[in-house]
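Chains as they are written, first to last, in our numbering: chain A, 1 to 254; chain B, 1001 to 1220. C-beta atoms are modelled at their ideal positions from N, C-alpha and C, and glycine is treated no differently. Only a predicted model underlies this, so the values are computations on that prediction, with no experimental measurement involved.
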């Protein structure tokens, strides 16, 4: 027996509220982070990721309160991030109750931030988030920052290795070309990453069917698979997905 | 209605959560609050000795944790409380501190409450280090603390593990090597996983610990 593959619902938070809130029947308030997180925990989520999409400082400040409230009621690992630019905000998120904080653009601008966070809380608490898209001219997976709007010169495979060297304990890698298509995860991307780094890899972007999860675990060999909309809108139910994966012989926590 | 006449039994037990500057203490406190287990963060020797139970949380490195504990003069009161029979539960690094020693960043003595040593997870097993995620427990010793986790997954984050005699391994997981997940010796207990992060199954561990404390209060 080995570690269970993790199914990770992602929640977008704006100004302290869950947007694109999950539409489970039993939920009274789809925008309440605690209600959404509890519903996911009870359905069998192995971990939750909170992405802050607030545009303002005031909005960002409410994220701390969200983590504080969720961690008092939900007892599975919580990862939070989005707009984390300095050590002070990393500290605030962890102290509020997050188990991990993820860094994206800030790590590209200032990779020393990874090392500073890892020194304080351990590598296991620092997740390197990468948004990437295949560039057919440059023949590489190009890294994008600022919510996928700003192309960089970085090759995602090199950057993943660099982030690990700086001290991230896990990678959350979103394929921008697969994201939103519901046509499956970018298996080739994760296979390429597996050859380069040893830390756990979380796949993100493209989940549309139960078979997509099976494929990314079996062929992509990732440790976790993140998805948002298929869970939010009730297109896929966690207990059924996990039973499907279990029947396919994938180690899963039922 | 007959009211218990023994003084103290109407009051809830008080659990001392050892405050030695370790990370992740607040999530342990939140989980205990969730199962109505009154907890107080303390480094006061008198409070530790008077407590009905003790919890040692912890995330981080063994050596610096022991240095902080020694500097705060917490070792003697914890050992004295254990000697008087107080149930004690160590979590993750807190569990590792219960043992004789660790090889993390050079040999460091621990609290010496359970025979054994803390060593690095082997890197040559094909398993990633740290072990980070949900692993499935096998119960080795039938006990209230292991009843709720037998066959169940709990959440682990660690790079070192306990090497100890089978008589102290109450439950374990397979990670290339047998990793003790619950250890116990008399009134000393430890969980390598995070019961405060293991969902409903983890909350059962807290509840079982609370029940053990309550039973002991009735007996004493």
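- Per DSSP, the unbroken beta strand (DSSP E) holding residue 80 of chain A starts and ends at 78 to 81.
- For residue 1217 of chain B, the closest of B/1051, B/1139, B/1204, B/1144 by C-alpha to C-alpha distance is B/1051.
- Residue 1135 of chain B is bridged by DSSP to B/1154.
- Here DSSP, grouped into helix, strand and coil, assigns residue 2 of chain A to coil.
- Between residue 230 of chain A and residue 202 of chain A, the CB-CB gap reaches or exceeds 8 Å.
- When only Cα atoms are considered, residue 6 of chain A and residue 45 of chain A end up about 8 Å apart.
- Assigned with DSSP and collapsed to three states, residue 115 of chain A falls in helix.
- Put simply, the segment 132 to 139 of chain A does not touch the segment 104 to 113 of chain A. Fewer than three CB pairs are less than 8 Å apart.
- In the three-state reduction of the DSSP assignment, residue 242 of chain A falls in the helix class, which pools H, G and I.
- Of the other Cβ atoms in all chains shown, 16 or more fall within 10 Å of the Cβ of residue 1196 of chain B; this residue is therefore buried.
- Among the CB atoms of chain A, none fall inside 8 Å of the CB of residue 1204 of chain B.
- As the crow flies, the alpha-carbon of residue 50 of chain A is around 13 Å from that of residue 172 of chain A.
- Neighbours of residue 2 of chain A in chain B, taken as residues at a C-beta separation under 8 Å, are given in chain order as 1127, 1135, 1174, 1175.
- Proximity of chain B to residue 124 of chain A at the Cβ level (cut-off 8 Å) is accounted for by 1130, 1132, 1157, in chain order.
- Against chain A, the beta carbon of residue 1060 of chain B has neighbours under 9 Å at 121, 122, listed in chain order.
- Contacts with chain A at 8 Å (Cβ-Cβ) include residue 1026 of chain B.
- Apart from sequence neighbours up to five positions away, the residues of its chain that approach residue 91 of chain A with a beta-carbon distance below 8 Å are 120, ordered along the chain.
- Under the DSSP assignment, residue 1027 of chain B falls in the alpha helix (DSSP H) whose first and last residues are 1025 to 1034.
- For the options B/1055, B/1030, B/1127, B/1024, the alpha carbon positioned closest to that of residue 1016 of chain B is the one of B/1055.
- Along the segment 28 to 55 of chain A, the positions whose C-beta sits under 7 Å from a C-beta of chain B are 41, 46, read in chain order.
- By the CB criterion at 8 Å, residue 1116 of chain B and residue 1061 of chain B fall outside the cutoff.
- At a Cβ-Cβ threshold of 8 Å, residue 98 of chain A and residue 80 of chain A count as neighbours.
- Sequence-distant partners of residue 1135 of chain B (beyond 5 residues in either direction) whose C-beta falls short of 6 Å from its own C-beta, in its chain, are 1156, 1173.
- The DSSP assignment places 1160 to 1163, 1169 to 1174, 1178 to 1185, 1188 to 1191 as complete runs of the beta strand (DSSP E) inside the segment 1160 to 1210 of chain B, in order along the chain (cut-off: 3 residues).
- Apart from the 5 residues on each side of it in sequence, residue 76 of chain A sits with its Cβ closer than 7 Å to the Cβ of 41, 45, 46, 47, 48 in its chain, given in chain order.
- In chain B, no part has a C-beta under 8 Å from the C-beta of residue 8 of chain A; the shortest such distance is about 11 Å.
- Residue 222 of chain A carries a coil assignment under DSSP once its states are collapsed to helix, strand and coil.
- Here residue 254 of chain A is exposed: its Cβ has fewer than 16 other Cβ atoms, across all protein chains shown, within 10 Å.
- In the same chain as residue 1041 of chain B, and ignoring 5 residues on each side of it, the C-beta atoms closer than 6 Å to its own belong to 1017, 1019, in chain order.
- In this structure, residue 1187 of chain B keeps its C-beta atom at 8 Å or more from the C-beta atom of residue 1070 of chain B.
- Below 8 Å, too few C-beta pairs join the segment 1092 to 1102 of chain B and the segment 1141 to 1153 of chain B to call them touching: fewer than three.
- Identification of residues in the segment 68 to 91 of chain A having a C-beta nearer than 8 Å to some C-beta of chain B yields 71, 72, 73, 75, 76, 77, given in sequence order.
- Taking the Cβ atoms as the reference, residue 1088 of chain B lies roughly 7 Å from residue 1189 of chain B, within the contact range of under 8 Å.
- Per the coordinates, the alpha-carbon of residue 1068 of chain B lies some 20 Å from the alpha-carbon of residue 1159 of chain B.
- Listed in chain order, the non-local C-beta contacts of residue 151 of chain A below 7 Å within the same chain comprise 142, 144, local neighbours out to five positions each way being set aside.
- Between residue 1104 of chain B and chain A, the shortest Cβ-Cβ separation is not below 8 Å.
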